[in-house]
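Working notes for the structure below.
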Amino acid sequence: MRSFVMIAPGPEFLVLTGFLGSGKTTLLRDFLTRPEAADTAIIVNEVGEIGLDGALLREVGGDVAMTTLANGCICCQMGSDLTTTVEALLGTERPGDIPLARIVLETSGLSKPGPILRQLASLAQHRMRVSVLATYDPTRPPEIRDFEEAAAQWAGAHRIVVTKGDMVSPKRFAAASGEIGEINPLAEIVAEASREPAVSAAFAPPRPGPVTMPVPIAGKTRPHERLTSLLLRQEDVVAYDDLAAWLDNLAGFLGERLLRIKGLVRVRESEEPILVQSVGTLFSQPRLYRGGMPGDGGFLVVIARDAEAGEIGRVEPSLPFSLSRAPGRGGRSLRAEAV
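Position 16 of the sequence shown, counted from 1, bears residue number -4 in this note's numbering, the numbering being contiguous throughout.
Written as structure tokens, this is what we have:
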């Protein structure tokens, strides 16, 4: 029997991302005015020489610990000082020995979350609960989704906040949720037109709710030309080593085109399913999932850019996955196909 380790969580680390001008700094400013931000540290990644976002946050930050990374976009920096900064924040003595509840990294508008999370992998000993929060601007035209950086930000996010509800019609604001679902069916969507509930929901702790198979959105108005969302249903139990080899080969084959994976897989070595998650090619350690298997059985959702279903279907070793277009409906016996 293979041993799977249950790790006690540490402080929350939130990667706040979103395309240029989508409202990241405004959202974070609003949060910093609230009492629950008291045990928060802020890291701001400034690409330009003038740290404007950091200056705006300091206006409302009060006693919140704040530091700026001004050595360029950290997702492009192999030698970024991000890990050094995080180590310093975690090691700083705090009043009353109260530990940090969270660290928020506000990225530049052109950063991709995957490379940033890879840098944080060296801080595994702190057992931080890492998640990605992205902003979605409904005032922008749909073509913004064709930018590689924007697509990577939304596809890699665990939670996506629709911003600028006061600048668009209720109909346009509501439509944004459907657009997000086309890009990332795994993300929790925060679509509150009122600012207060939007901020509360955006920075609420990650919910440990059940992992469920996403339902493909009916009546899509505009499929994304470069993003493919694949729903792979498990037909039979697999060996853990075969699953691990398949995931490694998929990540190696797709490289930077791989944006997100999440799902529950039944393996021979355990009665409980394995939770599989990745942002980009960085995988969380697979772990036993105690919440039980959904009624539809094991599944994986793969979000990739510029990838065809047939390509992913040829990844070895061959695993018993097939396609169904929606839970409860029969599907053709295919390894993978666009949802």
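Note that CB positions come from ideal geometry on N, CA and C, so glycine has one too.
Note that this is a predicted model, so its numbers are computed, not measured.
Check	Outcome
What runs of the beta strand (DSSP E), each 3 residues or longer, lie entirely inside the stretch 222 to 290?	238 to 245, 254 to 259 and 279 to 285
So, using beta-carbon positions, are residue 93 and residue -5 closer together than 8 Å?	yes
Going by CA-CA distance only, name the one from 98, 91, 104 and 86 that's closest to residue 67.	104
In this structure, does DSSP put residue 18 in helix, strand or coil?	coil
If we call anything under 8 Å between Cβ atoms a contact, is residue -7 one with residue 170?	no
Quick one: what does DSSP say residue 114 is sitting in, helix, strand or coil?	strand
Under a Cβ-count criterion, where at least 16 other Cβ atoms within 10 Å of its own Cβ denotes burial, should residue 270 be classed as buried or exposed?	exposed
Going by beta carbon distance, what residues of the same chain come within less than 7 Å of residue 69, once the five residues before and after it are set aside?	21, 45, 80 and 83
Taking residue 193 and residue 266 to be in contact with their CB atoms under 8 Å, please state how far apart those CB atoms are, rounded to whole angstroms.	About 18 Å separates the two Cβ atoms, so there is no contact after all.
Under the rule that 16 or more other beta-carbon atoms within 10 Å means buried, what is residue 287, buried or exposed?	buried
Who are residue 207's beta bridge partners in DSSP?	285
Does the separation of the CB atoms of residue 64 and residue 25 fall below 8 Å?	no
By how many angstroms is the C-alpha of residue 290 removed from the C-alpha of residue 174?	43 Å
How long is the line joining the alpha carbons of residue 19 and residue 296, rounded to whole angstroms?	46 Å
From the DSSP output, in three-state form, read off residue 89 for me.	coil
Is residue 179 helix, strand or coil when you go by DSSP?	helix
Counting along the chain, where does the beta strand (DSSP E) carrying residue 66 start and finish?	From DSSP, residue 66 is part of no beta strand (DSSP E) but of the alpha helix (DSSP H) over 62 to 71.
Residue range of the alpha helix (DSSP H) that residue -1 falls in?	Per DSSP, residue -1 belongs to no alpha helix (DSSP H) and is neither H nor E.
In angstroms with no decimal places, state the Cα-to-Cα distance between residue 90 and residue 249.	42 Å
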